[in-house]
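To keep things clear, I will list the structure first and then write my remarks on it.
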Amino acid sequence: MAASAQTMAETAAEFGLKPDEYALIVRRLNREPNLVELGVFSVMWSEHCSYKSSRVQLAKLPTAGARVIQGPGENAGVVDIGDGQACVFKMESHNHPSYIEPYQGAATGVGGIMRDVFTMGARPIALLNALRFGDPSHPKTRRLVSGVVSGIAGYGNCVGVPTVGGETNFHRGYDGNILVNAMCVGLADADKIFYAAAPAAGLPVVYFGSKTGRDGIHGATMASAEFGEDSDEKRPTVQVGDPFAEKLLIEATLELMASGAVAAIQDMGAAGLTSSSVEMAGKGGVGVELDLDLVPQREEAMSAYEMMLSESQERMLAILKPGREADGRRIFEKWGLDAAVIGRTTDTGRLVLRRSGEVVCDIPLAPLTEDAPRLERPWVEPQVPARLDPAEVPAPDDWEAAVLKLMSCPDVASKRWVWEQYDRHVMADTLEESATGADAAVVRVHGTRKALALTSDCTPRYVAANPFEGGKQAVAEAWRNLTAVGADPIAVTDNLNFGNPEKPEIMGQIARAVDGMAEACRALDFPVVSGNVSLYNETGGAAIPPTPTVGAVGLIPDYGLRADFASMKAGQALLLVGVSHGELGASLYLREVLGREAGAPPPVDLELERRAGDFVRGLIRGGQVSSVHDLSDGGLVAAAAEMALASGVGVELAPTSATHAHAFLFGEDQGRYLVAASDPEPIIAAGRAGGLNIALAGQAGGADFACHALFRIPLARLRLANEAWMPAYMDEA
Amino acid sequence: MKAAVVVFPGSNCDRDTKVAIERATGAQVHMVWHAETELPAGLDLIVLPGGFAYGDYLRCGAMAALSPVMVEVRASAERGVAVAGICNGFQVLCEARMLPGALLRNAGLKYVCKPVELEVANGNTRFTAAFGGRRRAVMTVGHGEGNYFADPETLDRLEGQGQVVFRYRDNPNGSARDIAGIMSERGNVLGMMPHPDRAFEPELGSSDGALLFQSVLASA
Chain A
119 MAASAQTMAE TAAEFGLKPD EYALIVRRLN REPNLVELGV FSVMWSEHCS YKSSRVQLAK
179 LPTAGARVIQ GPGENAGVVD IGDGQACVFK MESHNHPSYI EPYQGAATGV GGIMRDVFTM
239 GARPIALLNA LRFGDPSHPK TRRLVSGVVS GIAGYGNCVG VPTVGGETNF HRGYDGNILV
299 NAMCVGLADA DKIFYAAAPA AGLPVVYFGS KTGRDGIHGA TMASAEFGED SDEKRPTVQV
359 GDPFAEKLLI EATLELMASG AVAAIQDMGA AGLTSSSVEM AGKGGVGVEL DLDLVPQREE
419 AMSAYEMMLS ESQERMLAIL KPGREADGRR IFEKWGLDAA VIGRTTDTGR LVLRRSGEVV
479 CDIPLAPLTE DAPRLERPWV EPQVPARLDP AEVPAPDDWE AAVLKLMSCP DVASKRWVWE
539 QYDRHVMADT LEESATGADA AVVRVHGTRK ALALTSDCTP RYVAANPFEG GKQAVAEAWR
599 NLTAVGADPI AVTDNLNFGN PEKPEIMGQI ARAVDGMAEA CRALDFPVVS GNVSLYNETG
659 GAAIPPTPTV GAVGLIPDYG LRADFASMKA GQALLLVGVS HGELGASLYL REVLGREAGA
719 PPPVDLELER RAGDFVRGLI RGGQVSSVHD LSDGGLVAAA AEMALASGVG VELAPTSATH
779 AHAFLFGEDQ GRYLVAASDP EPIIAAGRAG GLNIALAGQA GGADFACHAL FRIPLARLRL
839 ANEAWMPAYM DEA
Chain B
101 MKAAVVVFPG SNCDRDTKVA IERATGAQVH MVWHAETELP AGLDLIVLPG GFAYGDYLRC
161 GAMAALSPVM VEVRASAERG VAVAGICNGF QVLCEARMLP GALLRNAGLK YVCKPVELEV
221 ANGNTRFTAA FGGRRRAVMT VGHGEGNYFA DPETLDRLEG QGQVVFRYRD NPNGSARDIA
281 GIMSERGNVL GMMPHPDRAF EPELGSSDGA LLFQSVLASA
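Chains as they are written, first to last, in this note's numbering: chain A, 119 to 851; chain B, 101 to 320.
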């Protein structure tokens with residue numbers, strides 16, 4: 119006995135279970151688990167499924183609000199958008215698989231997040247992607263960019279959901295671990311949301327979708343470990359996506375739901391059949407018994423262990439209402455999907471699996487979820503740099519070169535090469551997308567005058583310098599981007615990407631970034647309704663820059679009253695709303711022009727943020743302005759230049775301070791907007807009456823992007839600088 | 101006025117096309133599942149919509165061209181009913197040999213999605229009459245295989261007989277002679293890569309696509 123126990127304990131270690139975790143399993147079972155049971159425990163208790171390191175931190179985030187129908191804990195968050203309609207959304211990472219096999223990793227990331235949304239009864243209507251790659255000069259970067267982008271395109275375009283927005287950044291901190299965070303937004307009737315909890319015992323459990331193969335076994339465990347030298351050898355654990363199957367799955371699932379046959383439903387994502395059956399039974403407080411012989415299989419002689427841990431894509435598990443199997447059969451046949459009743463819910467509270475007539479797993483469900491480790495990982499307060507005095511930061515020697523350098527640096531340069539590969543228009547409701555020049559994507563709520571504003575934001579260099587302020591800033595920038603198109607910000611989905619949480623300094627980044635996010639969400643009435651955590655983004659002991667990506671949704675009551683930054687007209691005044699101290703710490707100017715990464719990030723004054731935003735939104739809703747841009751990366755220069763390029767109209771900027779013009783022009787102070795106004799005086803007066811800083815910052819007109827004596831650049835030249843970098847980079851052999 | 105939109109497994113512009121036709125013309129639009137062997141009676145227009153029929157894992161449109169409903173689509177075309185294939189539908193019509201030529205992988209080897217300026221090369225067709233002499237139109241494209249190819253004789257014939265309906269002003273995919281859309285010799289079967297179904301009201305950046313549906317349904 120001793121020898122076999124030792125072997126199983128060793129296997130447990132290979133599965134990523136710590137000795138104390140294994141001991142807990144043995145205590146709960148009163149015996150050694152067999153291999154299938156151990157596999158089930160190890161994936162359910164993996165970081166990816168159990169959130170064991172982050173749960174304590176996530177509990178700090180506000181999750182309630184007037185519009186929240188469903189907060190975190192389900193497949194996706196659900197918010198009320200009026201008229202009996204709901205928006206269902208979530209963001210999720212597929213970082214580890216995308217680094218190993220970029221095309222399939224990214225493609226299945228898109229597929230997985232869509233399933234989370236339509237599993238809840240929503241039709242997916244938009245996709246966004248937040249991508250972080252390594253330094254452009256790193257030998258792997260180009261291939262990863264190319265693979266990830268075509269993977270996203272190959273999947274989303276085929277399924278027919280428009281990819282309307284996102285972010286693409288480059289930094290050497292991601293050389294060994296890229297980030298692929300995909301967000302899906304769906305639309306549902308507020309009274310027809312579907313959940314995972316099995317409502318009763320004795321109901322049929324139906325498997326439908328693609329067959330189960332040996333792909334992706336232990337994917338969730340891979341996503342819960344660091345990469346070493348051998349990360350390329352993990353390729354077999356990456357799943358392969360089939361967007362055609364996903365399209366059929368969406369239609370069949372929505373049709374099955376509409377038929378009234380569905381009692382509970384769950385997609386098979388990470389940890390496949392294991393997590394879907396465990397969650398459905400566990401949340402419903404029942405048990406489940408499955409006969410694995412009945413599972414549609416793609417390969418011969420699969421073991422129970424392989425079937426339970428397979429992460430084959432495009433699969434669903436549903437619990438049907440009594441006597442509704444015929445509805446299921448009719449719909450699955452129509453869509454040509456494999457389907458089978460593979461078991462029933464029971465009243466035992468246990469997960470029982472049979473294979474070839476034998477019981478291969480019989481364990482209580484409760485410990486899988488309730489006893490999942492919940493770690494109070496030790497953390498240390500991050501070391502944060504002091505504020506950079508603008509006076510200590512030199513002005514550029516050559517202003518024109520500095521502006522062109524900023525506008526052509528990888529983080530600011532046009533990502534046309536990326537988004538022209540995405541179908542942004544299918545469904546014919548896209549009003550603003552990556553190409554149009556707006557701070558957020560805008561997608562109509564089909565058949566209404568309402569529209570959803572969508573954005574994803576994070577400034578990793580701020581979070582790296584000061585996790586608390588950086589966390590605040592990510593939330594504030596998302597709120598600001600939604601505001602800048604005229605939307606009421608509603609809610610947030612977060613995707614926390616960090617390094618190894620077993621290191622106290624990484625845990626410190628997580629704890630303080632979440633504190634900052636929580637503070638901003640609270641101050642801006644911007645609850646978190648869904649999210650995902652990706653840890654262990656480390657290679658050879660080096661962690662990625664902390665990257666808590668914020669995806670957010672806002673509502674535009676009438677899309678006729680919205681703003682973009684592509685409609686500025688010659689002769690309009692450019693008004694700068696918000697306070698400018700000239701914060702150059704952790705700025706793009708510092709990094710790209712002066713080659714320094716130093717200083718504190720710009721602090722976010724949440725009270726001012728809210729007042730400035732409410733004021734700008736009021737101007738848009740009142741029809742007083744229709745061209746608005748928030749100030750972010752690259753400060754006033756980048757914002758004004760982007761407005762000029764998108765509108766095809768020149769801009770003459772007027773710095774208010776001659777001594778530190780560069781701090782004013784390149785500073786990244788938060789809570790600011792640039793507004794183009796034909797009649798500026800009443801707006802200035804109204805802003806000042808409301809206690810806001812608002813001042814004339816420039817004038818639209820001509821064909822140059824200029825700032826008095828400092829620089830004068832023809833728009834055509836600026837456009838070339840902004841557009842040329844990425845295609846040139848991707849075409850280099 | 102009565103129109104039908106064929107739905108193949110993997111079609112994804114079927115709803116868009118229905119909405120576009122309804123908004124542009126007020127016509128009644130029937131959705132016809134690919135497995136059907138009959139079409140509604142009295143159709144004035146049949147549209148094969150955009151998407152990835154059967155996943156397009158074989159050549160684009162190759163499997164859809166053999167789908168049960170195509171027997172009746174072909175028979176209707178032979179009776180003179182207007183048939184329009186948009187994007188994937190154009191690929192299906194070429195695979196079904198209802199239009200000459202083929203759509204190859206884009207010259208840039210990547211999927212391309214962007215608004216394109218079109219020249220209405222023939223304004224005197226069942227599909228373009230409502231353009232009323234306008235020579236320019238704007239619609240978006242979104243495809244990976246839109247690079248129109250035919251042998252030089254076929255291209256000469258298409259041009260000589262006015263069968264080239266739309267041309268790109270700035271070719272996005274390498275199509276021979278900038279061809280964006282062609283019609284059959286008889287003039288009742290149209291195939292085009294740009295999407296009129298995404299250009300039917302000003303909020304979408306263009307309403308030029310509405311003119312196409314108005315043309316064919318007004319002529320009915």
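All residues carry an ideal CB built from backbone N, CA and C; glycine is no exception.
Thinking just about the alpha-carbon of each residue, which of the options is nearest to the one in residue i?
i, options, result
"A/E620", "A/G659, A/E587, A/D606, A/D612", "A/G659"
"A/D390", "A/A444, A/M420, A/L435, A/A794", "According to the sequence as given, residue 390 of chain A is Gly; it is not Asp. The shortest C-alpha separation from A/G390 is found at A/L435."
"A/S750", "A/R145, A/A308, A/I608, A/L702", "A/L702"
"A/G291", "A/G274, A/G252, A/N299, A/E623", "A/G252"
"A/A519", "A/W535, A/G736, A/E710, A/P798", "A/E710"
"A/S796", "A/I335, A/V632, A/Q742", "A/Q742"
"B/L203", "B/A250, B/P109, B/N271", "B/A250"
"B/G180", "B/E285, B/D270, B/C160", "B/E285"
"A/A484", "A/N811, A/A399, A/M386", "A/A399"
"A/G402", "A/W517, A/G378, A/E418, A/T463", "A/T463"
"A/N840", "A/A762, A/A818, A/G805, A/N811", "A/A762"
"A/D541", "A/A379, A/C276, A/L366", "A/C276"
Per DSSP, residue i forms a beta bridge with which residues?
i, result
"A/F823", "A/V769, A/I831"
"B/H130", "B/A104"
"A/H747", "A/L792"
"B/C113", "B/C113 is not bridged to any residue."
"B/H330", "The requested residue 330 of chain B is not part of the displayed model; chain B covers only 101 to 320."
"A/S652", "A/N615"
"A/R562", "A/A569"
"A/M398", "Its beta-bridge partners do not exist; DSSP assigns none."
Taking the Cβ atom as the reference point for each residue, do residue i and residue j lie within a distance shorter than 8 Å?
i, j, result
"A/G359", "A/A225", "yes"
"A/V734", "A/T601", "yes"
"B/F190", "B/A153", "no"
"B/T254", "B/G201", "yes"
"B/D297", "B/A103", "no"
"B/A237", "B/D308", "yes"
"A/V161", "A/N213", "no"
"A/A240", "A/G284", "no"
"A/A758", "A/L724", "no"
"B/A280", "B/A124", "no"
"A/A609", "A/V647", "yes"
"A/D612", "A/T548", "no"
"A/G405", "A/L469", "yes"
"A/L321", "A/L493", "no"
Report the neighbours of residue i on chain D: residues whose CB is nearer than 8 Å to its CB, in chain order.
i, result
"A/G189", "The structure shown contains no chain D; its protein chains are A and B."
Self-check item: Contact set between the segment 449–463 of chain A and chain B, restricted to residues whose Cβ is under 9 Å from the partner
Solution: K452, W453, G454
Exercise. Let me know the beta strand (DSSP E) ranges lying completely inside the segment 524–558 of chain A, each 3 residues or longer, listed in chain order.
Key: Qualifying beta strand (DSSP E) stretches, in chain order: 548–550.
Exercise. Would you list, in sequence order, the uninterrupted alpha helix (DSSP H) runs of no fewer than 4 residues that lie entirely inside the segment 138–212 of chain A?
Key: 153–162, 165–168, 173–176
Quiz item: What residue ranges within the segment 779–807 of chain A form continuous alpha helix (DSSP H) runs of no fewer than 4 residues, ordered along the chain?
Solution: Runs of the alpha helix (DSSP H) inside the segment 779–807 of chain A: 779–784, 798–807.
Exercise. Return the residues of the segment 480–494 of chain A that lie within a Cβ-Cβ distance of less than 8 Å from chain B, sorted by chain order.
Key: The residues in question: there are none.
Self-check item: Inside the segment 155–210 of chain B only - alpha helix (DSSP H) runs reaching at least 4 residues
Solution: 169–178, 188–195
Self-check item: alpha helix (DSSP H) runs wholly inside the segment 217–294 of chain A, at least 4 long, in chain order
Solution: For the segment 217–294 of chain A, whole alpha helix (DSSP H) runs of length 4 or above, ordered along the chain, are 220–236, 259–277.
Quiz item: What are the residues of the segment 149–161 of chain B that lie near chain A, defined by any Cβ-Cβ distance shorter than 8 Å?
Solution: G150, G151, F152, Y154, G155, D156, Y157
Quiz item: Mind listing which residues of the segment 211–222 of chain B have their C-beta closer than 7 Å to chain A's C-betas, in chain order?
Solution: Y211, V212, C213, K214
Quiz prompt | Contact list for the segment 531–548 of chain A against chain B, Cβ threshold 7 Å | solution = E538, Q539, Y540, D541, R542, H543, V544, M545, A546
Quiz item: Mind listing which residues of the segment 183–202 of chain B have their C-beta closer than 9 Å to chain A's C-betas, in chain order?
Solution: none
Practice problem: Check distances from the C-beta atoms of the segment 283–303 of chain B to those of chain A and list, in chain order, the residues that come in under 8 Å. | Solution: H295, D297, R298, F300, E303
Quiz prompt | Within 7 Å of chain A by C-beta, residues of the segment 253–283 of chain B in sequence order | solution = none
Practice problem: Give the residues from the segment 219–250 of chain B that approach chain A closer than 8 Å (Cβ to any Cβ), ordered along the chain. | Solution: Legend: CB atoms of the segment 219–250 of chain B lying less than 8 Å from CB atoms of chain A belong to residues T240, G242, G244.
Quiz item: Quick one, which residues of the segment 124–141 of chain B are near chain A if we go by CB-CB under 9 Å, in chain order?
Solution: W133, A135
Exercise. Could you name each continuous beta strand (DSSP E) segment of 3 residues or more that falls completely within the segment 386–466 of chain A, going from the start of the chain to the end?
Key: 405–409, 433–438, 456–464
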